[in-house]
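See below for the structure under consideration.
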Amino acid sequence: MENPKDSPKGVSAGNSQIWLIGNKGMLGTELSLLFESRGLAHTGTDREVDVTDIAALEAFAANQAAPITWIVNCAAYTAVDKAEDDTGLCRRLNTDGPANIAQTAKKIGAKLIHISTDYVFNGKGVTAGNPPALRPYREDDPTDPIGVYGLTKRDGEIRILENSPASYIVRTAWLYGKHGNNFVHTMLRLMNEKDSVSVVDDQRGSPTWAYDLSGVIADLICTAHAGRHIPYGIYHFSNEGSITWFDFAREIYEQGRNLGLISKSCVVKPCTSAEFPAKVTRPEYSVLDKSKIKAALGITPPDWKTSLSEFLKICDPLKTS
Ligand SMILES: NC(=O)c1ccc[n+]([C@@H]2O[C@H](COP(=O)([O-])OP(=O)(O)OC[C@H]3O[C@@H](n4cnc5c(N)ncnc54)[C@H](OP(=O)(O)O)[C@@H]3O)[C@@H](O)[C@H]2O)c1
């Protein structure tokens, strides 16, 4: 079993290239760097090639000297609370955008990798076993999004599957990384500023380091370049482990203190979601079952604590201020 981080360098097929859409976002930036380090030829676009404008997408694809054989879509509307008041834009980006990208991919004969989310589920979980207990969500479990963001992302998945049969949809959760605002950066900043922070202890999931997810996306491409076909469809990926945001914050504090990223003591307190009223209800349980992607790629996703410690070693302290 190999870890995405240890995977061999990918060999680009002929003079073809990957088109990375949303290359300036948190995941897109990470992925762009990983493609570079694995020797995977790629081009990237962000807002300058608007995913809501199919003519712009088609024109960009038509103007490339090297044929595009893969499209990876990391562009999205990701402001979960703001989405409740911004339904139109959120839908254009998360549903119409993927439909446009899928149609473009089909037109140019490119395979597509699209990123989706645990928010397609309602967070109540699925009960199984004896005695009954919650089990991680599988790819074919019924979706039931509870907010605008999740609803538009689920509709985006459907539009991808309808428009481009040669597609992979990778659902992930609790994403953090070096190149964006995220929970880890926020916690490090607050823990440097405050004597205590309260963090919800009633939402359970699995953090995902954008670097690890990038490795999986690159593995999907490299595996195909190596001549092995992985069936198209939906896959789940996150780091291993099932924790609450409070558990995550406590570990960020422990490790951050040890590494000198947090310069003073701060008490991390558990609280309930009810104490933090938000526009949209967060899923209570969003642990994803990763068996399908593990078997398909022969990978062992890193444990959340290990990935957090790797991340904190290279984390930019300026991002936390
Ligand atoms: N972040 C998470 O915790 C999380 C969890 C689960 C799944 N996901 C999924 O993972 C994927 C990557 O998330 P992320 O956190 O890396 O997102 P992100 O940082 O918000 O990046 C999205 C990128 O898309 C760009 N964009 C916005 N409008 C565009 C348009 N009309 N055309 C082209 N590009 C446009 C954004 O530009 P601006 O920044 O200028 O708007 C940004 O650079 C998304 O599909 C998201 O739904 C994220």
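At position 117 of the sequence shown the residue is numbered 1047 (this note's numbering), and the sequence of numbers has no breaks.
By construction, the Cβ of each residue, glycine as well, lies at the ideal position given by its N, Cα and C atoms.
- When DSSP states are grouped into helix, strand and coil, Pro1200 belongs to the strand group.
- When C-alpha distances from Arg1065 are compared across Glu1184, Gly1135, Asn945, the shortest belongs to Gly1135.
- Judged by beta-carbon spacing, Glu1014 lies beyond the 8 Å limit of Ser1046, meaning their Cβ atoms are not closer than that value.
- Secondary-structure assignment with DSSP links Val1129 through a beta bridge to Pro1200.
- Judged by beta-carbon spacing, Trp1175 lies beyond the 8 Å limit of Ser1237, meaning their Cβ atoms are not closer than that value.
- Annotation for Met1117 indicates a beta carbon at 7 Å or more from all heavy atoms of ligand 1.
- Lys1220 carries a coil assignment under DSSP once its states are collapsed to helix, strand and coil.
- Nearest to Lys1037 by C-alpha distance, out of Tyr1007, Val1078, Asn1093, Arg977, is Asn1093.
- In the structure shown, Val1146 falls within a helical segment according to DSSP collapsed to helix, strand and coil.
- Arg1068: not part of any alpha helix (DSSP H); DSSP gives it neither H nor E.
- In the structure shown, Val1002 falls within a strand segment according to DSSP collapsed to helix, strand and coil.
- Cys1004 has its Cβ nearer than 7 Å to a heavy atom of ligand 1.
- One thing to note: Leu1023 has its Cβ within 8 Å of the Cβ of Ala1006.
- Your pair Ala1103 and Asp1048 checks out as a contact, with CB atoms roughly 4 Å apart and the cut at 8 Å.
- Annotation for Asp1011: Ala1208, Lys1209, Val1210 place their beta carbon closer than 7 Å to its own, counting only its chain and skipping 5 residues before and after.
- Remark: the shortest separation between the CB of Val981 and any heavy atom of ligand 1 falls under 7 Å.
- Going by beta carbons, His1109 and Thr959 fall inside the 8 Å limit.
- Scanning Ser1126, Ile1099, Lys1124, Ser1172 for the CA closest to the CA of Val1146 turns up Ile1099.
- DSSP, read as helix, strand or coil, puts Arg977 in coil.
- For the pair of segments examined, the region 1215-1231 was found to touch the region 1160-1172: the number of CB pairs separated by less than 8 Å reaches three.
- Ala1032 sits close to Arg1089, with the two beta carbons spaced by under 8 Å.
- Leu987 has its CB no nearer than 7 Å to any heavy atom of ligand 1.
- Pairing Ile951 with Thr975 gives a Cβ-Cβ distance under 8 Å.
- Rounded to the nearest whole angstrom, the CA to CA distance from Pro1161 to Gly1039 is 17 Å.
- Val1127 and Pro1075 have their C-alpha atoms some 29 Å from each other.
- In the DSSP annotation of this structure, the continuous segment of the alpha helix (DSSP H) that includes Arg1180 starts and ends at 1175-1188.
- Excluding five sequence positions before and after Trp949, the CB atoms of its chain that fall closer than 6 Å to its own CB belong to Thr973, Ile998, Ile1001, given in chain order.
- Gly1039 has no beta-bridge partner at all, per DSSP.
- The residue among Asp1070, Asp1246, Ala1063 with its C-alpha nearest the C-alpha of Lys1220 is Asp1070.
- In this chain, the beta strand (DSSP E) harbouring Val1056 covers 1056-1058.
- Trp1104 carries a coil assignment under DSSP once its states are collapsed to helix, strand and coil.
- Leu1143 sits close to Phe1167, with the two beta carbons spaced by under 8 Å.
- Membership of Leu964 in the alpha helix (DSSP H) is indicated by the continuous run 956-967.
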